[in-house]
Amino acid sequence: MTSDTFVDDVTSDVPAGDEALLEAPVQGREATDAAPQREARRPHARPRVLALANQKGGVGKTTTAINLGTALAAIGEKVLVIDLDPQGNASTGLGIERKQRRVSTYHVLTGEAELRSAIRETAVPRLHLAPSTLDLLGVELEIASARNRAHRLKLAVDGLALGDALRAEPFTYILIDCPPSLNLLTINALAASDSVLVPLQCEFFALEGLSQLLKTVEQVRDNLNPRLTIQGVVLTMFDPRNNLSNQVVADVRSFMGGKVYETMIPRNVRVSEAPSYGKPVLLYDLKCSGSQAYLRLASEIIQRERTLKAA
15 MTSDTFVDDV
25 TSDVPAGDEA
35 LLEAPVQGRE
45 ATDAAPQREA
55 RRPHARPRVL
65 ALANQKGGVG
75 KTTTAINLGT
85 ALAAIGEKVL
95 VIDLDPQGNA
105 STGLGIERKQ
115 RRVSTYHVLT
125 GEAELRSAIR
135 ETAVPRLHLA
145 PSTLDLLGVE
155 LEIASARNRA
165 HRLKLAVDGL
175 ALGDALRAEP
185 FTYILIDCPP
195 SLNLLTINAL
205 AASDSVLVPL
215 QCEFFALEGL
225 SQLLKTVEQV
235 RDNLNPRLTI
245 QGVVLTMFDP
255 RNNLSNQVVA
265 DVRSFMGGKV
275 YETMIPRNVR
285 VSEAPSYGKP
295 VLLYDLKCSG
305 SQAYLRLASE
315 IIQRERTLKA
325 A
């Protein structure tokens with residue numbers, strides 16, 4: 015099944031209620047570099063929701079979700095990572111053991127639980143996680159006949175944001191770690207998000223499939239989520255000693271222009287080691303090149319958010 019056919023099938027019967035939700039404006043916010051200086055949020059302000067998506071596996075989606083979330087939390091944001099990959103690597107990488115995942119994103123998508131009941135604290139202050147389990151493998155079959163099947167996550171996020179508006183410190187960023195495929199889970203993530211962040215590996219097949227992902231984003235924007243944009247492309251596993259890496263960087267920048275972040279995530283052994291300890295690399299080794307790159311990326315993303323709001 016092509017992604018066009020899949021999106022058309024998913025959007026063929028969007029209920030009127032969901033369309034009304036999609037038309038609601040997203041209120042922006044000024045991001046700052048430290049929590050004490052953060053401006054007061056207006057009532058019912060919605061957190062910025064970013065989906066980390068790429069149908070290719072092994073490009074650094076989960077690593078970026080974990081470490082970008084940690085970096086944003088480190089500079090004062092309150093962040094929720096939603097693990098939407100049945101493999102649950104983001105959950106493991108943030109130290110949430112399987113016995114702690116009694117309520118997961120599976121229960122949220124099937125309507126058995128609200129998103130807030132799935133959220134767990136992590137070892138990182140201001141960083142929280144909604145974990146996943148292997149049950150997500152069967153969720154498509156369970157909700158396939160539901161009229162709002164493409165909007166299950168969006169409804170859950172909107173419900174969380176509405177309740178958060180009354181709390182002293184609401185979430186300011188939600189990062190959704192998508193599975194390595196363009197299936198109903200990814201469509202739910204795109205329908206719930208403001209923007210898409212695309213991790214792209216600096217290797218030979220980097221551009222393969224990127225055009226298909228961009229086409230899927232366009233389809234979702236036309237049929238499910240008119241506010242969806244490409245927030246940016248982050249180049250991962252960059253090795254400056256490798257001529258191929260440098261050629262890939264040049265090709266991607268030529269193809270995507272200003273959408274590509276200046277910050278590139280280097281190929282770094284400490285980044286690879288950290289998940290086995292259930293830690294983000296910023297906790298495992300703050301001074302390594304990978305940690306410093308994710309801090310720069312977080313700063314660049316917030317600066318881009320400011321520019322988007324000003325526009």
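Counting in the working numbering, the sequence shown runs from 15 upward without gaps.
Beta carbons are placed, not taken as given, at the ideal position from N, Cα and C, and that holds for glycine.
Buried is the label assigned to R115, since at least 16 other Cβ atoms lie within 10 Å of its Cβ. Note: D97 is bridge-paired with D191 in the DSSP secondary-structure output. Here L94 really is in contact with H142; their C-beta atoms are around 5 Å apart, less than 8 Å. In chain order, Y275, T277 place their CB closer than 6 Å to the CB of E314, counting only its own chain and leaving out the 5 sequence neighbours on each side.
Within 10 angstroms of the beta-carbon of D236 lie fewer than 16 other beta-carbons, which makes it exposed.
A straight line joining the alpha-carbon of L196 with that of K70 spans about 9 Å.
About 18 Å separates the CB atoms of L249 and V231; that is not less than 8 Å, and the two are not in contact.
Closest in alpha carbon position to K301, among R318, G223, V283, D178, is V283. If one requires a minimum length of 3 residues, the beta strand (DSSP E) runs lying completely within the region 97-158 are 141-144, in chain order. Below 8 Å, enough C-beta pairs join the region 303-322 and the region 82-99 to call them touching: three or more. As the crow flies, the alpha-carbon of G271 is around 12 Å from that of I244. Note that the region 183-193 touches the region 61-69; at least 3 beta-carbon pairs, one per stretch, sit closer than 8 Å. Rounded to the nearest whole angstrom, the CA to CA distance from L258 to S118 is 40 Å.
If you look at T277, you'll find it in the beta strand (DSSP E) that goes 274-280.
In this structure, DSSP gives R255 a state outside helix and strand, which the three-state scheme calls coil. Between the region 156-174 and the region 200-218, the count of Cβ pairs shorter than 8 Å is three or higher; the stretches touch. Only exposed fits G72, as fewer than 16 other CB atoms lie within 10 angstroms of its CB. The secondary-structure analysis by DSSP pairs P213 across a beta bridge with V248. Across the structure, K75 and V212 are spaced so that their CA atoms are roughly 8 Å apart. Burial state of F185 is buried, judged by a 10 Å Cβ sphere holding 16 or more other Cβ atoms. Counting only unbroken stretches of 4 or more residues, the alpha helix (DSSP H) elements lying wholly within the region 287-321 are 295-298, in sequence order. DSSP, reduced to helix, strand and coil, places A85 within a helical segment of the structure shown. Per DSSP, reduced to three states, the secondary structure at R62 is strand. Assignment of beta-bridge partners to T243 by DSSP yields S209. Going by DSSP, K168 is part of the alpha helix (DSSP H) stretching over 166-178.
A307 and R161 have their C-alpha atoms spaced approximately 42 Å apart.
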